[in-house]
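Reviewing the structure listed below.
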Amino acid sequence: MAKSAGPSPLDPFIPNPDVAECFATSVQAPAPIVFEVACGLDLQSLPLVRGIFRLRERLMGATPHPPREPQGMLRELLGLGWALLVERPGRLVVGGAACQPWQADVVFRPLTPDRFAAYAEPNQVKIGWTLDCRPTGPARTRFVTETRAVATDPEARARFRRYWRWARFGIVAIRLLLLPAVRREAERRWRRAGHGPRRRLS
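Here you go:
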């Protein structure tokens, strides 16, 4: 787990989270390529991630999902009900919603950027996340994904903490699987474009 260097894009929305997780990796590719890969990655194309989702469904007794069409992560998240709070093309997206994560079939309530910080409907948890590509050189990027959550009242906080005690392990595992997948694909695309280290001929 990494610490967010400097101000976080989530600060205006969740300045004092109940939980916060931040992960980062260094990628040898320009930020726009890393951003494109991160937004377009089909998260469930990773077998272990797909297994984590299926395990949650079984543990929680969730309604089985119909077969899904492969699609990019950002498109899928927005389709599930997450709202786009910040968008800087080629660089950053911030998503957020309110929900009850402890429910088997979670319903995400999209919140507009101007309503998010003040939203306080009882028995809800506000969650925000980032896909953040920070240039650190001409062809080097620090890819950061941060997630924060805050409950709207003590009852929701107690329920969320009980859920988080075990759900955290799957959520963290998904982030740890996401980072190397994005790094590998972004660096592969950069090499295919004729950049990066070349193999030496024997």
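So the sequence shown is numbered by the numbering used here: it starts at 304 and just counts up by one. The beta-carbon is built from N, C-alpha and C at its ideal position, and this holds for glycine as well.
If you draw a straight line from the alpha carbon of residue i to that of residue j, how long is it in whole angstroms?
i	j	result
R491	P320	36 Å
R443	P312	20 Å
G497	L434	26 Å
T439	A327	13 Å
R361	Q406	13 Å
D408	V475	20 Å
R412	A420	14 Å
R465	R471	10 Å
K429	R445	26 Å
P315	V389	11 Å
R468	L395	29 Å
V397	Q427	19 Å
H368	R391	32 Å
S329	P310	19 Å
R437	R418	27 Å
G354	A459	28 Å
G364	T450	25 Å
P370	P333	35 Å
Which class does residue i belong to by DSSP, given the choice of helix, strand or coil?
i	result
R371	coil
L313	coil
G364	coil
P438	strand
R394	coil
G473	helix
L351	helix
A407	coil
G382	helix
E339	helix
P483	helix
P333	coil
E488	helix
Assuming residue i contacts residue j under a Cβ cut-off of 8 Å, what Cβ separation, rounded to an integer in Å, is found between them?
i	j	result
P441	G393	In fact, because the Cβ distance is near 15 Å, the residues do not count as touching under 8 Å.
L484	L349	What sits at residue 484 in the sequence shown is Ala, not Leu. About 6 Å separates the two Cβ atoms, so the contact holds.
R478	E372	The Cβ separation is near 24 Å, so there is no contact.
Q331	W493	7 Å
T448	L481	7 Å
F463	P404	6 Å
G384	V410	7 Å
Do residue j and residue i count as a contact pair if the criterion is CB distance below 7 Å?
i	j	result
V340	L346	no
I317	G431	yes
C342	L380	no
V322	A452	yes
A386	A401	no
Short of 6 Å in beta carbon distance, which residues of its chain neighbour residue i, apart from the five on each side in sequence? Order them along the chain.
i	result
R495	none
A423	T455
P416	L388
Taking Cβ positions only, does residue i come closer than 7 Å to chain C?
i	result
L381	No chain C is part of this structure, which consists of one protein chain only.
Please work out which residues of its chain come closer than 8 Å, Cβ to Cβ, to residue i, disregarding the five sequence neighbours upstream and downstream, and give them in chain order.
i	result
L344	G375, M376, L481, A484, V485, E488
F356	Q347
R359	A365, A470, G473
Here's a check: name, in chain order, each residue in its chain whose Cβ is nearer than 7 Å to the Cβ of residue i, leaving out the five neighbours to either side.
i	result
T366	D408
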